[in-house]
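The working numbering numbers the first residue of the sequence shown as 553 and each following residue consecutively.
Using N, Cα and C, we set each Cβ at its ideal position, and we do this for glycine too.
Note that the structure is predicted; figures quoted are calculated from it, not measured.
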Amino acid sequence: GSNLGCEPAGWSSVTTRKSTMGRATARAPMDKPAVLNAPLFQQLIEQLDTGVRSIILDLGAASTPMLAVLGRSPCLVEIADLAGDDAINRLNSDVSPDARVALAESLLPKHQAGAEVDFVFCWDLLNYLKPEALSALTHAIVARARPGTRAHALIAYSDRSIGMLGGMPVRP
553 GSNLGCEPAG
563 WSSVTTRKST
573 MGRATARAPM
583 DKPAVLNAPL
593 FQQLIEQLDT
603 GVRSIILDLG
613 AASTPMLAVL
623 GRSPCLVEIA
633 DLAGDDAINR
643 LNSDVSPDAR
653 VALAESLLPK
663 HQAGAEVDFV
673 FCWDLLNYLK
683 PEALSALTHA
693 IVARARPGTR
703 AHALIAYSDR
713 SIGMLGGMPV
723 RP
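Structural data, given as structure tokens:
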């Protein structure tokens with residue numbers, strides 16, 4: 553299980569969906585924080601209160617620079633890594649709406665009662681989801697989010713250099 557207690561200064565809890573032992577919790581020491589050039593994301597990071605533990609659902613892969621930034625505040629980071637393991641293609645496949653919601657739920661780290669998400673980092677992954685896949689993923693996230701949860705996403709809407717195909721970028 554995951555330790556939802558306070559972490560020592562400079563440490564963040566990280567929970568990943570991928571583990572040989574089910575749900576794994578690792579601790580990443582705080583490195584020098586990466587320089588971010590994303591003002592809205594920086595505002596989101598500044599909302600992490602150092603006195604209150606936040607729970608972050610990161611739909612991308614774990615990265616040392618991001619964990620270093622998050623290590624400045626007490627938080628639990630749940631990593632879904634939806635860009636790996638063909639998750640996007642599976643969500644975009646032709647299945648029933650109920651099956652798609654069940655798939656979306658299975659792709660996220662196991663939810664624990666009392667551990668509602670405060671922040672969701674979507675990155676650019678939403679650009680690769682068909683509307684019905686996005687709806688299923690949103691449904692799965694809302695089920696584990698507290699009221700007022702904030703999300704961060706990078707949405708492509710007019711960039712010709714990303715290889716748009718049918719309104720969606722080709723690959724994450």
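First and last residue of the uninterrupted beta strand (DSSP E) at residue i
i, result
"Pro661", "Where Pro661 is concerned, there is no enclosing beta strand (DSSP E), given that its DSSP letter is neither H nor E."
DSSP bridge partner residues for residue i (one or two, in chain order)
i, result
"His704", "Phe673"
"Ala697", "Val669"
Pick from the options that is closest to residue i, judged by C-alpha positions
i, options, result
"Ile597", "Thr690, Ser625, Leu677, Ile640", "Ser625"
"Thr701", "Gly636, Val669, Pro617, Tyr680", "Val669"
"Leu628", "Ala667, Ala639, Arg696", "Ala667"
"Leu609", "Ile693, Leu706, Asp637, Asp650", "Ile693"
"Asp633", "Ala590, Ala614, Ser645, Met618", "Ala614"
"Ala708", "Ala685, Leu678, Ser606, Ala688", "Leu678"
"Met618", "Ala590, Asp638, Ala688", "Ala590"
Any non-hydrogen atom of the ligand NAP within 7 Å of residue i CB
i, result
"Glu598", "Ligands are entirely absent from the displayed structure, and the ligand NAP is therefore not among its contents."
6 Å Cβ shell around residue i - same chain, five flanking residues per side excluded
i, result
"Pro585", "Confidence is the limiting factor: at Pro585 the pLDDT is only 46, short of 50, which leaves the residue's position unreliable and the question unanswerable from this model."
"Gly603", "none"
"Ile640", "Tyr680"
"Pro649", "none"
8 Å Cβ cutoff, residue i in contact with chain C
i, result
"Pro626", "In the structure shown, chain C cannot be found, because there is only a single protein chain."
Integer Cβ distance of residue i from residue j, believed to fall under 8 Å
i, j, result
"Leu659", "Arg652", "Actually they are not in contact, since the Cβ atoms of Leu659 and Arg652 sit about 11 Å apart, beyond 8 Å."
"Phe673", "Leu611", "6 Å"
"His691", "Ala635", "So it is not a contact: roughly 20 Å between Cβ atoms."
Span of the alpha helix (DSSP H) around residue i
i, result
"Leu592", "591 to 598"
"Ala620", "616 to 622"
"Ala613", "Taken as a continuous stretch (DSSP letters only), Ala613 belongs to no alpha helix (DSSP H), as it is neither H nor E."
"Asn641", "639 to 644"
Beta-carbon proximity list for residue i, same chain, < 8 Å, skipping 5 on both sides
i, result
"His704", "Leu592, Phe593, Leu596, Phe671, Val672, Phe673, Cys674, Trp675"
"Met573", "Because Met573 sits at a pLDDT of 24, beneath the cut-off of 50, its placement in the model cannot be relied upon, and the point is left open."
"Arg698", "Glu668, Val669, Asp670"
"Ser606", "Leu600, Ser625, Pro626, Cys627, Leu628, Asp670, Phe671"
"Leu686", "Leu678"
Chain-order list of residues whose beta-carbon lies under 7 Å from that of residue i (same chain, five-residue window excluded)
i, result
"Ala654", "none"
"Leu556", "Confidence at Leu556 is low in this model, with a pLDDT of 30, below 50, so its placement is unreliable and the value that follows should be read with caution. So the qualifying residues of the chain are Leu628, Ala667."
"Lys682", "Asn644"
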